[in-house]
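Residue numbers (the numbering used here): 1 to 529.
Quick reminder that beta carbons are idealized off the backbone N, C-alpha and C, glycines included.
Given the structure is predicted, the values throughout are model-derived calculations rather than measurements.
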């Protein structure tokens with residue numbers, strides 16, 4: 001049993017399970033109404049609290065700095081790196097933030113002023129960045145030759161976590177969002193604290209890495225398909241309690257299957273120590289961009305060291321990637337934030353709008369998973385990964401135009417296109433960050449780039465969509481109906497996505513030579529292993 005627990009396969013399974021409960025910020029719509037009524041908020045105040053949720057869930061530089069600090073000190077002392085400190089920090093924030101919100105709603109503490117409630121929400125959502133950083137970066141360190149695939153798996157399960165937690169809500173306390181807030185304080189905290197000892201860094205490469213990662217990928221697709229079916233059926237039929245309970249039990253069984261893959265991987269490695277690519281006396285030979293001097297992650301004529309955040313920020317490539325993410329992540333997040341209101345203005349029914357919101361998590365998952373998995377396949381065929389940001393931003397341009405058009409059923413097509421393209425940015429960006437700037441400070445750098453998401457969302461949601469909507473709205477409730485409400489906004493966002501396409505194209509041309517060298521070195525390592 002001990003040999004099974006001390007493998008990168010169990011580490012991967014544990015990370016997946018933690019990711020499955022980390023996306024509590026995606027469930028805000030479940031408890032926002034009780035938060036609004038219990039605290040006597042108007043819509044503007046509730047939106048302000050929601051903004052702090054987005055900031056907390058996307059600004060994860062502190063989690064990256066903490067991860068770099070604890071893992072670097074472990075390397076120097078020769079101890080096997082264990083990012084449990086990052087998980088503990090996330091668990092504390094998750095419990096404190098959601099518990100204080102729950103205490104405010106039930107009256108356990110006096111009603112906090114709005115700034116304090118915003119702080120509660122910020123802390124609770126900020127926990128997500130700590131869980132995500134520890135799991136994603138550890139995964140990349142364990143599978144450096146398949147960084148896109150492992151990032152896609154981790155980001156994909158994070159994208160599904162909102163739907164998974166909602167299934168828990170439906171089975172345990174449907175109609176009682178107050179209790180659900182307490183559940184959000186307890187479940188992610190307990191899961192993280194229980195499984196964090198298993199999440200470790202193993203700088204090894206084995207011959208069957210890709211096959212076993214493909215098995216994890218298959219589970220992710222099965223879980224996504226099951227959730228999509230469950231969401232559709234729950235929106236059509238009214239499930240009794242026993243039906244919702246059975247639905248959750250089947251989901252939990254599916255989520256337990258990664259441990260079977262870990263056991264199979266260990267069984268197939270007859271003598272793991274001899275299968276490792278790592279040679280005695282050369283502790284970092286199988287790693288990429290490490291202290292061994294093997295430099296696979298440098299751009300142009302930079303030196304052969306992993307860049308820290310400040311070093312990365314003075315490069316052109318960092319800002320090209322950041323601007324591309326503002327255009328892609330920002331406009332995508334603005335779309336989901338307004339999709340229900342867009343549907344209302346175009347005459348979609350309440351059930352149709354609910355289905356669009358619920359299914360967004362599936363399209364988001366497909367983008368996150370597919371972006372990493374497919375780009376890895378083509379990367380090993382010699383295609384530079386930034387090319388896929390170019391492709392997705394070009395496709396996103398057409399997605400925004402579909403939403404702007406207003407033809408019957410446009411939101412079904414538009415939400416699929418925008419959701420997949422938006423999700424793909426979340427797996428492509430961290431993988432590219434690890435390749436261009438190195439793995440050691442990857443957590444800090446990709447979380448810095450991720451700030452582009454709330455920045456872009458604020459500009460597009462408030463300064464463009466909200467402003468233009470208010471200009472054409474009229475009548476009671478300052479409401480608007482018809483294509484005029486959002487057409488201009490999404491034409492502007494389509495233009496911005498096209499600009500992002502041009503920026504990503506520049507990044508692609510700047511890094512083509514670097515990626516050619518990267519592919520040669522990875523193929524050489526894989527042939528040895």
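query	result
Residue range of the alpha helix (DSSP H) that includes residue 343	331-345
Same chain, Cβ closer than 7 Å to residue 210, five either side skipped, listed in chain order	146
C-beta atoms of residue 152 and residue 371 nearer than 8 Å	yes
Unbroken alpha helix (DSSP H) run spanning residue 177, endpoints	177-195
Stretch pair the stretch 10-24 + the stretch 247-254: three plus CB contacts closer than 8 Å	no
Assumed close pair residue 159, residue 124 - CB separation to whole angstroms, cut-off 8 Å	Actually they do not touch by this definition, with Cβ atoms about 19 Å apart.
Beta-carbon proximity check, residue 189 vs residue 94, cutoff 8 Å	yes
Residue 433 classed as buried or exposed, judged by whether at least 16 other C-beta atoms fall within 10 angstroms	buried
8 Å Cβ cutoff met for residue 132 and residue 454	no
Residue burial classification, residue 496 (beta-carbon count within 10 angstroms, cutoff 16)	buried
Backbone CA spacing between residue 607 and residue 518 [nearest angstrom]	What the structure shows of the chain is the stretch from 1 to 529, and residue 607 is not part of that stretch, so it cannot be assessed.
DSSP three-state assignment for residue 373, whether helix, strand or coil	helix
Sequence-distant residues of the same chain with beta carbon closer than 8 Å to residue 355, five excluded per side	231, 232, 235
Contacts around residue 140, its chain only, beta-carbon distance under 8 Å, and the 5 residues preceding and following it disregarded	147, 150, 151, 430, 431, 434, 439, 442
The alpha helix (DSSP H) enclosing residue 108, as first and last residue numbers	Neither: residue 108 is in no alpha helix (DSSP H) and is coded neither H nor E.
Within 8 Å, strictly: CB atoms of residue 504 and residue 396	no
Residue 471 burial status per 10 Å Cβ neighbour count (16 or more: buried)	exposed
Helix, strand or coil at residue 44 according to DSSP, with G and I counted as helix	helix
Three-way DSSP call (helix, strand, coil) for residue 15 in this model	helix
Proximity of residue 10 and residue 87 at Cβ, strictly below 8 Å	no
Within 8 Å, strictly: CB atoms of residue 102 and residue 201	no
Bridge partner(s) assigned by DSSP for residue 479	474
N-terminal and C-terminal residue of the alpha helix (DSSP H) that residue 412 is part of	410-437
C-alpha distance - residue 391 paired with residue 425, whole-angstrom precision	11 Å
Beta-carbon gap between residue 487 and residue 460 smaller than 8 Å	no
Proximity of residue 490 and residue 404 at Cβ, strictly below 8 Å	yes
Coarse secondary structure for residue 6, derived from DSSP in three states	coil
Which of helix, strand or coil DSSP assigns to residue 173	coil
Identity of the residue in 407, 36, 104, 19 nearest residue 130 by Cα	19
Rounded C-alpha distance that separates residue 521 from residue 385	15 Å
Candidates 84, 52, 105: closest to residue 34 by CA position	105
Nearest residue (CA-CA) to residue 256, options 225, 220, 243, 244	220
Delimiting residues of the alpha helix (DSSP H) encompassing residue 348	Here residue 348 belongs to no alpha helix (DSSP H), and DSSP marks it neither H nor E.
Nearest-angstrom Cα separation, counted from residue 382 out to residue 357	37 Å
Alpha-carbon spacing of residue 171 relative to residue 28, whole angstroms	18 Å
Residue 337 versus residue 178 - alpha carbon distance	23 Å
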